[in-house]
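Protein chains in written order, with the numbering used here: chain U, 29 to 226; chain G, 185 to 275; chain X, 5 to 254.
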Amino acid sequence: MPVISRGFTGRGRRDVALPPGQYLTEDFPVLSAGPTPRVDTGTWQFSIVTEAGQRHDWSWDRLMALPAESVTVDLHCVTKWSKLHTPWRGVALDTLIEDVESAADYAFIRSYGGYTTNLPLADLLDGQAWIAYEYDGEPLHPEHGGPARLLVPHLYLWKSAKWVRGIELSHEDNPGFWETAGYHNYGDPWQEQRYYGD
Amino acid sequence: MTETWVDGNALGGALGEIFAMDVTAALGRCAGCGRVGPVGEAQVFTRAAGAVARCAGCESVLIRVVTAPDRVFLDLHGLSFLELRPAPATP
Amino acid sequence: MAGTAVLRRLSWQVGTVAESRPETATAVTLALDLPEWTTHLAGQHVDVRLTAPDGYSTQRSYSIASAPSPGRVEITVQRVEDGEVSPYLVDVARPGDELELRGPIGGYFVWRAADPEPVLLVAGGSGIVPLMAMARTRAAAGSRTPMRLIYSVRGPEDAIYADELRRRVRDDHGLDVSYAYTRRAPDGWNGVAGRVDAARLGAGGWPADLAPRIFVCGPTGFVETVADLLVDAGHDPGRIRTERFGPTGG
């Protein structure tokens, strides 16, 4: 039973309806498992590779030419902070997957710098995910995942891979960086699925 | 751009509880590049979903520690060995 | 190296604030009563955990500032701009308050009075804290080991323990202290403001052929720069121990 320190309240506010165990924050914490990759948009590339090995690539210019959406979403980080009503702009995964033929159930996400994560393909579709390149009206800063990151707000934020570079579709579910370290394989904040076995 | 890592001293508390001894002076061998050095010199990213210690030579991941309220997940597979010298019983 | 941390509790202990002493406008020393505390090595740190009434908790690491003393530990906390824990410890914590501590922690960045080599300590900002523990431990042990400290601060008002360091240098010929003032030099100081560089390390430190033990502590960038300069000056990298506080300095 931890000892309460008189007068300590911590930074987050806890008076708003949030997923269980979360605290509201006004700032935008930067969390990283490694050095921040620096990727030039001139060489940036995003790929989707199907289970059959079929490859679809987008250069930065090609991504910018696609129809984009401005969305406002809530972010829930497994380290307990939540940030509400965050404004992003990006291309919906539905748009990118449109011409991709696949019968796969799972997606494995790779990022510049080596980070990986995984989720069911269904969780990337139907307006649930974007490749986001603007935050709050500005180009996405490298420390928050720029030039582009995956944004999947209905899951804990570690699934919204920063510096995203590609998606591999597969019949198998392969756990990514934090999933192999003890975090939950799916990560639904509303069921508080933080760790393996939750 | 300022680096966001500290050094292996930052893992001393979490690893000390698991190993029941100090680990910051322990030598570890990087499974990636073979570099051998004390855990205290690893580059540790503590502002993450867990603590990630990277090799000061090749930056590959040596150790990951995920601390849940009632348990700890420890991944040491980035070290090909960790040399532990038992502490004396009393000073 | 044989032997690591001395006998200690591995899990969280409750500490009671006995005293809160201002050191500078932004830093205080908290003296904590911990009935189960026996001893520690200079350079070790403690993890401090704070819990709010609704169960929210967070923790930070702080270097131990004091020489070993049963039942008592002192930490010096620098208030970090927009920090979550340091403003509480500096501005709110008062005698009688309780917090949780784990430690002492660390066997890599430690100095023992029995070590015979001359010692060079290089501190950047709040990196002075564990190095001060080394100076205090040396004095408490009656050690004659020559010890030199180079302390880099923005200006004289940022120097923690300035009066105590002045007194120790006056009373103990084995201890030397020199300062680098990176922004504002004190009135009447006949040096030049500026960062720790090869010249300052040479003037305030030991030549490489004396094979000193060297401890460098402070923000990550400071430690990296100083360690590189020391290696360039011929010091054996194996004799240089470092503790990096991260970009904000602790």
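In this text, a Cβ means the ideal position worked out from N, Cα and C, and glycines have one as well. In this text the structure is predicted, and so the values were computed from the model without any measurement.
Neighbourhood of residue i by C-beta, 7 Å cutoff - its chain only, sequence neighbours within 5 removed
| i | result |
| --- | --- |
| SER90 of chain X | VAL81, GLN82, ARG83, VAL84 |
| ALA22 of chain X | ALA35, LEU36, ASP37, PRO99 |
| LEU154 of chain G | This structure leaves residue 154 of chain G out entirely; chain G is present only between 185 and 275. |
| LEU234 of chain X | LEU205, ILE218, ILE244 |
| LEU168 of chain U | ALA160, TYR161, GLU162, GLY174, PRO175, ALA176, ARG177 |
Beta-carbon proximity check, residue i vs residue j, cutoff 8 Å
| i | j | result |
| --- | --- | --- |
| ALA96 of chain U | GLY70 of chain U | no |
| LEU268 of chain G | MET205 of chain G | yes |
| ALA163 of chain X | ILE68 of chain X | no |
| PHE226 of chain X | ASN193 of chain G | no |
| TYR161 of chain U | LYS108 of chain U | no |
| GLY221 of chain G | GLY212 of chain G | yes |
| SER156 of chain X | ALA202 of chain X | no |
| GLY111 of chain X | THR208 of chain G | yes |
| ALA226 of chain G | SER60 of chain U | no |
| LEU105 of chain X | GLY19 of chain X | yes |
| GLY38 of chain U | GLU247 of chain X | no |
| VAL96 of chain X | GLY35 of chain U | yes |
| ALA207 of chain X | LEU179 of chain X | no |
| TRP88 of chain U | VAL99 of chain U | no |
| TRP86 of chain U | THR145 of chain U | no |
| CYS214 of chain G | LEU263 of chain G | yes |
| SER73 of chain X | ALA117 of chain X | no |
Residue(s) in a DSSP beta bridge with residue i
| i | result |
| --- | --- |
| MET151 of chain X | X:VAL123, X:LEU179 |
| ASP85 of chain U | U:SER75 |
| ASP54 of chain X | In the sequence as presented, Asp is not what sits at residue 54 of chain X; that position holds Leu. DSSP output for LEU54 of chain X lists X:THR62 as bridge partner(s). |
| CYS214 of chain G | G:LEU263 |
| PHE249 of chain X | Answer by DSSP bridge pairing: none, since PHE249 of chain X is not bridged. |
| ARG248 of chain G | G:VAL236, G:ASP259 |
| PHE229 of chain G | G:VAL236 |
| GLY128 of chain X | X:SER156 |
| PRO148 of chain U | U:TYR134 |
| GLY221 of chain G | G:GLY212 |
| ARG243 of chain X | DSSP, once it has assigned bridges, lists no residue as partnering ARG243 of chain X. |
| GLN48 of chain X | DSSP, once it has assigned bridges, lists no residue as partnering GLN48 of chain X. |
| THR80 of chain X | X:THR33 |
| PRO115 of chain U | U:THR100 |
| TYR232 of chain U | Residue 232 of chain U lies beyond the residue range present for chain U, which begins at 29 and ends at 226; the question has no answer from this structure. |
| PRO26 of chain X | X:VAL32 |
| ARG177 of chain U | U:ALA160 |
| TRP115 of chain X | X:ALA46 |
| PHE219 of chain X | X:LEU125, X:ARG245 |
| TRP109 of chain U | U:TYR51 |
Own chain, CB closer than 6 Å to residue i, minus 5 neighbours either side, in chain order
| i | result |
| --- | --- |
| GLU196 of chain U | VAL77, PHE136 |
| GLU229 of chain G | Glu is not the amino acid found at residue 229 of chain G; the sequence shown has Phe there. Only TRP189, VAL236 meet the Cβ criterion. |
| LEU93 of chain X | VAL81 |
| ALA6 of chain X | Reliability of the predicted coordinates at ALA6 of chain X is poor, the pLDDT of 32 falling under 50, and the value obtained from them is presented with this limitation in mind. Cβ within range, chain order: n/a, list empty. |
| PRO134 of chain X | GLY47, SER67, CYS221 |
| ILE159 of chain U | GLY118, VAL119, ALA176 |
| ALA144 of chain X | ALA71 |
| GLY238 of chain X | ALA212 |
| VAL223 of chain G | GLY192, VAL207, THR208, ALA210, GLY212 |
| SER110 of chain U | LEU46, GLN50, LEU52, HIS104 |
| TRP210 of chain X | PRO122, LEU124, PRO216 |
Whole-number beta carbon distance between residue j and residue i, since they are thought to touch under 8 Å
| i | j | result |
| --- | --- | --- |
| PRO120 of chain X | THR149 of chain X | 7 Å |
| GLN11 of chain U | GLU129 of chain U | Outside the displayed span of chain U (29 to 226) sits residue 11 of chain U, for which this structure offers no information. |
| LEU103 of chain X | LEU54 of chain X | 6 Å |
| SER130 of chain X | PHE249 of chain X | 7 Å |
| ASP23 of chain U | TYR134 of chain U | Look at the range of chain U in this structure, 29 to 226, and you will see that residue 23 of chain U is not part of it. |
| GLY107 of chain X | ASP191 of chain X | Going by Cβ atoms, the distance from GLY107 of chain X to ASP191 of chain X rounds to 40 Å, so no, they are not a contact pair. |
| ALA157 of chain U | SER198 of chain U | Going by Cβ atoms, the distance from ALA157 of chain U to SER198 of chain U rounds to 17 Å, so no, they are not a contact pair. |
| LEU185 of chain U | HIS104 of chain U | 6 Å |
| LEU153 of chain U | ILE125 of chain U | 7 Å |
| PRO139 of chain U | VAL192 of chain U | The amino acid occupying residue 139 of chain U in the given sequence is Ser; Pro does not appear at that position. The pair is a contact, with the Cβ atoms about 5 Å apart (cut-off 8 Å). |
| ASP226 of chain U | LEU183 of chain U | That pair is no contact at about 13 Å. |
| VAL230 of chain X | VAL200 of chain X | 6 Å |
| GLU78 of chain X | THR33 of chain X | 5 Å |
Residues of its chain near residue i, where Cβ-Cβ distance is below 8 Å and the 5 sequence neighbours each way are ignored
| i | result |
| --- | --- |
| HIS172 of chain U | PHE56, VAL58, TYR163, LYS190 |
| PRO63 of chain U | GLY141 |
| GLU79 of chain U | SER130, ALA131, ALA132, LEU197, SER198, HIS199 |
| ILE32 of chain U | none |
Residue i beta carbon near the ligand MN (any heavy atom closer than 7 Å)
| i | result |
| --- | --- |
| LEU36 of chain X | You won't find the ligand MN in this model; it holds no ligand whatsoever. |
Cβ contact check for the region 18-28 of chain X and the region 229-245 of chain G: 3 or more pairs under 8 Å: no
Would the region 209-216 of chain X and the region 102-122 of chain X be scored as touching if the rule is three or more Cβ pairs under 8 Å? yes
Using 8 Å as the cut-off, can you tell me whether the region 38-51 of chain X makes contact with the region 177-195 of chain X, which would need three or more C-beta pairs spanning the two stretches below that distance? no
Are three or more beta carbon pairs between the region 203-222 of chain U and the region 191-203 of chain G nearer than 8 Å? no
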